[in-house]
Structures are given as structure tokens and as C-alpha cells.
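Counting from 0, one number per residue, gives the positions in the sequence shown under numbering that gives the first Met the number 0. Please read the structure below before turning to the comments.
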Amino acid sequence: MASETVITSDSTSLLNVNMTNVTKLTSSNFLMWRRQVQALLNGYDLTGYIDGSIVVPPATITANGAVTVNPAFKHWQRQDQLIYSALLGAISISVQPILSRTTTSAEIWTKLMDTYAKPSWSHIQQLRQQIKQWKKDTKSIDEFFQGLVMRFDQLALLGKPMESEEQMEVIVEGLSDDYKQ
Numbered sequence: 000m001a002s003e004t005v006i007t008s009d010s011t012s013l014l015n016v017n018m019t020n021v022t023k024l025t026s027s028n029f030l031m032w033r034r035q036v037q038a039l040l041n042g043y044d045l046t047g048y049i050d051g052s053i054v055v056p057p058a059t060i061t062a063n064g065a066v067t068v069n070p071a072f073k074h075w076q077r078q079d080q081l082i083y084s085a086l087l088g089a090i091s092i093s094v095q096p097i098l099s100r101t102t103t104s105a106e107i108w109t110k111l112m113d114t115y116a117k118p119s120w121s122h123i124q125q126l127r128q129q130i131k132q133w134k135k136d137t138k139s140i141d142e143f144f145q146g147l148v149m150r151f152d153q154l155a156l157l158g159k160p161m162e163s164e165e166q167m168e169v170i171v172e173g174l175s176d177d178y179k180q
């Protein structure tokens, strides 16, 4: 089951999102992980919690001169914490330390986007170097292509895609002579 509805005492439903089928985020699979998480949250109409389009309601309201806890805020907070927990569960232990100061699902999302989806010269150069050095050697043909495609996709995510012709050159150069005949 991907989600379970929790009925709260104030008759407001919360969705407990189960991300056990989402591949855990590592330092090298952000693009596909992001697609999985966005698709799941889109399916439950919860993407606004991570992208900020669902605005955080005020924590308190004033009615008849009395300040009270805003039920809309409590609902938002509880739903956000369910998403926050699900996100943490879909992130490998090696990546989790960069999220230690986050408290909301939107903060997790922003931190991950800043870490893995923002271009830096050194990251782009590192990917280009990995692509140049990627050879078939003892890898299966699937492993060889998947490794290159993952890096091509990461460059595209960073706004620095390789042209198709350049990708083909890299692929051919990385193949052993057995494949070039």
C-alpha cells in the first residue's frame, strides 16, 4: 500500500505516504530519486508541501479577542511531518547528515536541490571527467550504458547537457574493440 489515510480527531484527513518502493537517495541517483518522489507526491496531491506552493498557515488565530492555535496550521504541520519522515526514510544514511538542520519537508527538498541540482564548475568538470574515463572493460553492456546515461542525465539536470553527437563519440570510445568491428 502506498499511502494510508489517517482520520484525526478534528475530522481532517492526513495522508501517511509510504515511500518504501522509492529507491533510496544516494549521492549519485538524485535525478531518478527526485522523479520517483515527485510522482508519488503528485499522485496524492502533496507536492505543494515540498515546493512551497502550499502556504504555511499562521500558527495562531485571533477570534473574539482570544489567540488560539490555528487548526489549519496544526493540520499543515502534521501532514508536513508525515512527508518529512517519509522523505528521510527514502534517503540513504550517507546522505542524511546534510539534512540535520532541516525541520520541514520543504527544507529537505531545498537542501537536496541545492546540493545535487545546482551547477558548480567543479561538479560539472567531475562529471565530464567520469564520462571520459568510463569504459566498458569488464562491465556488462547494460552497466556500461546505464553508467553513461546516468552521467549524461546529471549534466542535463545541471543545465550543461552533452550534444547527442558527443554522447555517441563517448559511447563508441568507451567500447572495447569487440564492439567496434
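Cβ atoms here follow ideal geometry from the backbone N, Cα and C, with glycine treated the same way. Bear in mind the structure is a predicted one, so any value in this text is a computation, not a measurement.
(message) I'd like to check one pair, Y83 with F29: are the Cβ atoms closer than 9 Å?
(response) no
(message) So, with DSSP's three-state summary, where would you put V148?
(response) helix
(request) Would you mind working out which of R150, P160 and K134 sits nearest V171, comparing C-alpha positions? (result) K134
(message) Less than 8 Å between C-beta atoms, sequence neighbours within five positions excluded: which residues of the same chain meet that for T7?
(response) Note on T7: pLDDT 48, under 50, position unreliable in the model; the coordinate value appears next. Around T7: L13, H74 and R77.
(message) Bridge partners for T61 per DSSP, in chain order?
(response) Answer is V66.
(message) Quick check on the DSSP output: the beta strand (DSSP E) that includes L98 runs from which residue to which?
(response) Segment: none, L98 is in no beta strand (DSSP E) and carries neither H nor E.
(message) Taking 9 Å as the threshold (C-beta atoms), are V21 and V36 in contact?
(response) yes
(message) Relative to the C-alpha of M18, which candidate in N41, A89 and F151 has its C-alpha closest?
(response) Nearest to M18 by alpha-carbon distance, out of N41, A89 and F151, is A89.
(message) Strictly by DSSP, which residues pair up with I90?
(response) DSSP lists L24 as partners of I90.
(message) Closest to V16 by C-alpha separation, out of D50, F151, L86 and T61, would be which residue?
(response) Nearest in C-alpha terms to V16, of all of D50, F151, L86 and T61, is L86.
(request) Drop a sphere of 10 angstroms on the beta-carbon of Y48, count the other beta-carbons inside from all chains shown, and report buried for 16 or more, exposed for fewer. (result) buried
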